[in-house]
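Novice: After the structure tokens below, expect a handful of questions from me.
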Amino acid sequence: MAALEIDNVRKVFGGKTEVLKGINISIENGEFLILVGPSGCGKSTLMNSIAGLESITDGQIRIGGEDVSGRSPKDRDIAMVFQSYALYPSMNVRDNIAFGLEMRKVPKEDRLNEVNRVAKMLQIEHLLDRKPSQLSGGQRQRVAMGRALARKPKIYLFDEPLSNLDAKLRVEMRTEIKKLHQNLGTTIVYVTHDQIEAMTLADRIAVMKDGIVQQFGTPQEIYDEPANIFVAGFMGSPAMNFIPAPIQKEQGQLVAKVTTAGGQTYSLPLGKRGENLEKYEGRKVILGVRPERISEVNITEVEREDVVVVKTKTEIVEPTGPDTLIHITLNGVEVGCRVAPDSAVKAGEDMEFMVDLSKAVFFDSETEARI
Amino acid sequence: MVNHHMAQRTWGFWINRGIIHALLISAALFYLLPLVVMLLTSFKTMDDIRAGNLISFPAEFVIEPWIKAWSSACTGVKCEGVGSYFFNSVQIVVPAVLISTALGAINGYVLTKWRFRGSELFFGLLLFGCFIPFQVVLLPMAQTLGWLGIANTTTGLVLVHVAYGVAFTTLFFRNFYVNIPSELVKAAQLDGAGFFKIFWRILLPISGPIIVVTIIWQTTQIWNDFLFGVVYGSGETQPITVALNNLVNTSTGVKEYNVHMAAAIIAGLPTLLVYVLAGKYFVRGLTAGSVKG
Chain A
0 MAALEIDNVR KVFGGKTEVL KGINISIENG EFLILVGPSG CGKSTLMNSI
50 AGLESITDGQ IRIGGEDVSG RSPKDRDIAM VFQSYALYPS MNVRDNIAFG
100 LEMRKVPKED RLNEVNRVAK MLQIEHLLDR KPSQLSGGQR QRVAMGRALA
150 RKPKIYLFDE PLSNLDAKLR VEMRTEIKKL HQNLGTTIVY VTHDQIEAMT
200 LADRIAVMKD GIVQQFGTPQ EIYDEPANIF VAGFMGSPAM NFIPAPIQKE
250 QGQLVAKVTT AGGQTYSLPL GKRGENLEKY EGRKVILGVR PERISEVNIT
300 EVEREDVVVV KTKTEIVEPT GPDTLIHITL NGVEVGCRVA PDSAVKAGED
350 MEFMVDLSKA VFFDSETEAR I
Chain B
0 MVNHHMAQRT WGFWINRGII HALLISAALF YLLPLVVMLL TSFKTMDDIR
50 AGNLISFPAE FVIEPWIKAW SSACTGVKCE GVGSYFFNSV QIVVPAVLIS
100 TALGAINGYV LTKWRFRGSE LFFGLLLFGC FIPFQVVLLP MAQTLGWLGI
150 ANTTTGLVLV HVAYGVAFTT LFFRNFYVNI PSELVKAAQL DGAGFFKIFW
200 RILLPISGPI IVVTIIWQTT QIWNDFLFGV VYGSGETQPI TVALNNLVNT
250 STGVKEYNVH MAAAIIAGLP TLLVYVLAGK YFVRGLTAGS VKG
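Here the protein sequences come in this chain order: A and B. The first sequence finishes on residue 370 if you use numbering that gives the first Met the number 0, and the numbering steps up by one all the way, no holes. The second sequence finishes on residue 292 if you use numbering that gives the first Met the number 0, and the numbering steps up by one all the way, no holes.
Below, the structure is given as structure tokens:
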């Protein structure tokens, strides 16, 4: 049975501004759903609607098969972790965790047992008597999660829970949340604007923009088969390269033509990835290639049919440690390439790159939709 | 060379300090002078007052003016001192302060955490209440109290002060609560707490500073009120400010400055006391929110 179904949900503010324009999402029990998108895309509104903190204008939200659209937040059996943690300042950690149980009239002894169980799981036993103001950011984060866990709700909502932590702690807590999800098998809806969090944590991702779900799928689907230029550009860092390229037929096979800054023109064979491109022959499309698919020449792969070697001048060289990002120009646009640090040359020198088209995607240059 | 330089800086430092302290001390003395004169005069005999100058110490230290002011000085036709009026004021101030503070807290809570359509307009109109002069409401309020059948009663005065004070108390609490993250309320809602539970368990325990500010403000305002007291209170229910006025303006006999001074200090003591006891919270509360906690 679906744990959460969002059925054609619309939200209009003040009779004018449409923030959610017909959202359809459905996840199974135990799945980790991530709502991701730039600020103002409606992801937080959608989360508040699931929580019942905001009403919806149209459509239905079902939790465990039951329509909860008209119910108040406390009757939806959900718990939420807020970006600011929202720990009650006047209560110590123990009371913070137990507050939800107390409001639900759980007997005192059971409350204490539950607090201890959760505290042990999150390793915050030694903090139980402290006030939130005496905790560090990471500890507050744990307490906020503890408060959600203590109630054992049907669904957990996380509203950008890691965005107030420093970079190192964020990665640690990310792993922690993933571990927690694996161990407990809970259903989680998680809002973030960080595409790496989305990729690492999610079973399913809903990429949102302008109140519309642009794509709903597994992380790999969204990474490899983005539905449009927005999704392709939003997911992945460094971002996918978008190269406007004319499609031509050479020796019975479709190719995309690219010209380097030095004026050298290459034909990139589309192969299987170009199956739907027959009708675009003679027209320009947008070729999408991720930076890691343009690398230094590798002897074992260079023989493949969907690989072409391009030689051009390097413009900017950015070492990141594990690999080096090099900027080149193809068809007049800047293109990022990811190469092994050892094979990188100095900026301004010529270098041979291997363009791997096995994961290339093509977009209509007018509609920006995937072809 | 170095020593010489150090010495110079030290001298400059002490001269600066000296000037600053001299200025501060003289300013403090200047403001304390009226109080000192009042205190000294209230312990003098009438002969002493006629003979000496204003800031001389009492030739003979007497407590009688205080006793007379409290229990037997004439305020108009009656000669029972200001003591009973002091308790009139207490009976007005305590309920009026508590009720207006409680209402202001609830109002501030609703106006920030449970906004409704038009709540900003509502707040704007309420704010007008802070700027309405006392004189404007005198007649309509008298009419209203008459209709309610509580004219010339302590209840009536309490109602007037509550109605007039709610604008201020709401402003205080609203500005305090607006800086408290709304996510706290959302979290409590999800935890299953209702409107009053959230107020009682989450917001009120962190409202200490603003409660102190409001109580000091309201106590001072209501205790010091003269106009409402003289218009809506009569005889038995008049507050001490009115009694003090009557005492000083009683035209028969000699003007007993020592008794007047003692009565004035009695009338002003509670507000002084409130400020001395809770003044540091007042300053802290007023600046709370301007610095991020």
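Heads up, the beta-carbon is just placed ideally off N, CA and C, and yes, glycines get one too.
#1: Considering only C-alpha positions, which residue in the set P160(A), N115(A), D128(A) is nearest to G137(A)?
#2: Nearest by alpha-carbon distance to A359(A): which of D223(A), A147(A), K278(A) is it?
#3: Can you confirm whether the region 155–172 of chain B touches the region 67–84 of chain B when touching is taken to mean that 3 or more C-beta pairs between the two stretches lie within less than 8 Å?
#4: Please work out which residues of its chain come closer than 7 Å, Cβ to Cβ, to S236(A), disregarding the five sequence neighbours upstream and downstream, and give them in chain order.
#5: Using DSSP with H/G/I as helix, E/B as strand and the rest coil, what is M234(A)?
#6: Spell out whether any CB of chain B is found under 9 Å from the CB atom of Y87(A).
#7: For the beta strand (DSSP E) that contains K20(A), what are its first and last residues?
#8: Between which two residues does the beta strand (DSSP E) holding Q263(A) run?
#9: Kindly identify the DSSP beta-bridge partner or partners of Y163(B).
#10: Taking 9 Å as the cut-off, decide whether the C-beta atoms of L100(A) and R169(A) are in contact.
#11: Helix, strand or coil for I60(A) per DSSP?
#12: Look at the alpha carbon of V354(A) and the alpha carbon of S294(A), and state the distance between them as a whole number of angstroms.
#13: Starting from the C-beta of D158(A), find all residues in its chain whose C-beta is less than 8 Å away, skip the five residues before and the five after it, and write them out in chain order.
#14: Since K325(B) meets chain A, which of its residues come closer than 9 Å, beta carbon to beta carbon?
#15: Quick check on DSSP: helix, strand or coil for G155(B)?
#16: In angstroms, rounded to a whole number, what distance separates the CA positions of A197(A) and E365(A)?
#17: Our contact map puts N257(B) next to S41(B) with C-beta atoms below 8 Å; I'd like the distance itself, whole angstroms only.
#18: Whole angstroms is fine: what's the gap from V89(B)'s alpha carbon to N223(B)'s?
#19: Please state whether the Cβ-Cβ distance between T259(A) and K310(A) is less than 9 Å.
#20: For the region 100–113 of chain A, which residues have a CB atom closer than 7 Å to at least one CB atom of chain B, in sequence order?
#21: With V308(A) and E351(A) assumed to form a contact (beta carbons below 8 Å), what rounded beta-carbon distance in angstroms separates them?
#22: Taking all protein chains shown into account, decide if N178(B) is buried (16 or more other Cβ within 10 angstroms of its Cβ) or exposed.
#23: Taking the continuous beta strand (DSSP E) assigned at S294(A), which residues delimit it?
#24: Rounded to whole angstroms, what's the CA-CA distance from G228(B) to D109(A)? Just pull it up for me.
#25: Between Y155(A), D165(A), N163(A), which lies nearest to G184(A) when the distance is taken from Cα to Cα?
#26: What beta strand (DSSP E) runs, 3 residues minimum, are completely inside the region 200–231 of chain A?
#27: What residues in its chain sit with their C-beta under 8 Å from that of V332(A), if we drop five residues either side in the sequence?
#28: Determine the closest residue to V165(B) out of K77(B), S99(B), I62(B), with distance taken between C-alpha atoms.
#29: Grouping DSSP H, G and I as helix and E and B as strand, with all else coil, what is M0(B)?
#30: What's the call for V1(B), buried or exposed, on a 16-neighbour Cβ count within 10 Å?
#31: Would you call R103(A) buried or exposed, if buried means 16 or more other Cβ atoms sit within 10 Å of its Cβ?
#32: Using three-state DSSP, classify K94(A) as helix, strand or coil.
#33: Of the choices I298(A), N112(A), L329(A), G347(A), whose alpha-carbon is the least far from that of V316(A)?
#34: Could you tell me which chain A residues have their CB closer than 7 Å to the CB of L189(B), listed as they occur along the chain?
#35: Quick check: what's the CA-CA separation for S89(A) versus P204(B)?
#36: Using a Cβ-Cβ cut-off of 9 Å, state whether K196(B) counts as contacting chain A.
Specialist: Put simply:
#1: The residue you call residue 137(A) lines up with position 138 of the first sequence. When each option's Cα is compared against that of G137(A), the closest is P160(A).
#2: For the purposes of this step, residue 359(A) is identified with residue 360 of the first sequence, where counting begins at 1. Nearest option by C-alpha distance: D223(A).
#3: no
#4: As a working note, residue 236(A) is residue 237 in the first sequence. Only Q194, I195 meet the Cβ criterion.
#5: One-based indexing of the first sequence puts residue 234(A) at position 235. Coil at M234(A), not helix or strand.
#6: In the first sequence, residue 87(A) corresponds to position 88, counting from 1. Output row for Y87(A): interface = yes.
#7: Position 21 of the first sequence, counting from 1, holds the residue named residue 20(A). Per DSSP, K20(A) belongs to the beta strand (DSSP E) from 16–27.
#8: Reading the first sequence from its first residue, position 264 is the one you call residue 263(A). Neither: Q263(A) is in no beta strand (DSSP E) and is coded neither H nor E.
#9: In the second sequence, residue 163(B) corresponds to position 164, counting from 1. Per DSSP, none; premise fails for Y163(B).
#10: Taking the first sequence and counting its residues from 1, the one referred to as residue 100(A) is at position 101. Taking the first sequence and counting its residues from 1, the one referred to as residue 169(A) is at position 170. Cβ distance not < 9 Å, so L100(A) and R169(A) don't count as in contact.
#11: Translated into positions along the first sequence, residue 60(A) becomes position 61. Note: I60(A) maps to strand in three-state DSSP.
#12: The count along the first sequence starts at 1 and reaches residue 354(A) at position 355. The count along the first sequence starts at 1 and reaches residue 294(A) at position 295. Whole-angstrom Cα-Cα distance: 7 Å.
#13: As a first step, residue 158(A) is located in the first sequence; it is residue number 159 there, counting from the start. Around D158(A): S43, M46, M79, V80, F81, Q82, V190.
#14: No statement about residue 325(B) is possible, as the shown extent of chain B runs from 0 to 292 and does not include it.
#15: Here residue 155(B) refers to the residue found at position 156 when the second sequence is read from its first residue. Reduced to three states, the DSSP call for G155(B) is helix.
#16: Taking the first residue of the first sequence as 1, we reach residue 197(A) at position 198. Taking the first residue of the first sequence as 1, we reach residue 365(A) at position 366. For A197(A) and E365(A), the distance between alpha carbons rounds to 28 Å.
#17: Sequence index remark: in the second sequence, residue 257(B) carries index 258 (1-based). Sequence index remark: in the second sequence, residue 41(B) carries index 42 (1-based). Distance from N257(B) to S41(B) at the Cβ level is roughly 5 Å; contact confirmed, criterion being Cβ atoms closer than 8 Å.
#18: If you number the second sequence from 1, residue 89(B) lands on position 90. If you number the second sequence from 1, residue 223(B) lands on position 224. Cα to Cα, V89(B) sits roughly 12 Å from N223(B).
#19: Indexing the first sequence from 1 puts residue 259(A) at position 260. Indexing the first sequence from 1 puts residue 310(A) at position 311. Against a cut-off of 9 Å, the Cβ pair of K310(A) and T259(A) comes out as a contact.
#20: Under the 7 Å Cβ criterion, the region 100–113 of chain A contributes M102, R103.
#21: Here residue 308(A) is taken as the residue at index 309 of the first sequence, counted from 1. Here residue 351(A) is taken as the residue at index 352 of the first sequence, counted from 1. Right, the Cβ-Cβ distance comes to about 6 Å (below 8 Å), so this counts as a contact.
#22: As a working mapping, residue 178(B) is identified with position 179 in the second sequence. By the 10 Å Cβ count, N178(B) comes out exposed.
#23: For the purposes of this step, residue 294(A) is taken as residue 295 along the first sequence, with counting starting at 1. Taken as a continuous stretch (DSSP letters only), the beta strand (DSSP E) holding S294(A) covers 293–295.
#24: Taking the first residue of the second sequence as 1, we reach residue 228(B) at position 229. Taking the first residue of the first sequence as 1, we reach residue 109(A) at position 110. Each residue's Cα considered, the two are about 57 Å apart.
#25: Taking the first residue of the first sequence as 1, we reach residue 184(A) at position 185. Taking only the C-alpha atoms, the option nearest G184(A) is Y155(A).
#26: 203–208, 211–216
#27: Locating residue 332(A) in the first sequence gives position 333, where the first residue counts as 1. Closer than 8 Å at the Cβ level, and outside the excluded window around V332(A), lie N240, F241, I242, P243.
#28: By 1-based counting over the second sequence, the position of residue 165(B) is 166. That would be S99(B), whose Cα lies nearest to the Cα of V165(B).
#29: Position 1 of the second sequence, counted from the start, is the residue given in the question as residue 0(B). A caution first: M0(B) carries a pLDDT of 46, below 50, which makes its placement in the model too unreliable to give a value.
#30: As a first step, residue 1(B) must be located in the second sequence, where it is residue number 2. In this prediction, V1(B) scores a pLDDT of 49, lower than 50, which makes its location untrustworthy; no coordinate-derived value is stated.
#31: Numbered from 1 along the first sequence, position 104 holds the residue referred to as residue 103(A). Label assigned to R103(A): exposed.
#32: Position 95 of the first sequence, counted from the start, is the residue given in the question as residue 94(A). The identity of residue 94(A) in the sequence shown is Asp, whereas the question assumes Lys. It is helical.
#33: Taking the first sequence and counting its residues from 1, the one referred to as residue 316(A) is at position 317. Here the closest residue by C-alpha is G347(A).
#34: Along the second sequence, one-based indexing puts residue 189(B) at 190. Simply A50, P72, K73, I77, A78, M79.
#35: What you label residue 89(A) is simply residue 90 of the first sequence in a count that begins at 1. What you label residue 204(B) is simply residue 205 of the second sequence in a count that begins at 1. Cα-Cα distance, rounded: 6 Å.
#36: Position 197 of the second sequence holds residue 196(B). Closer than 9 Å: yes.
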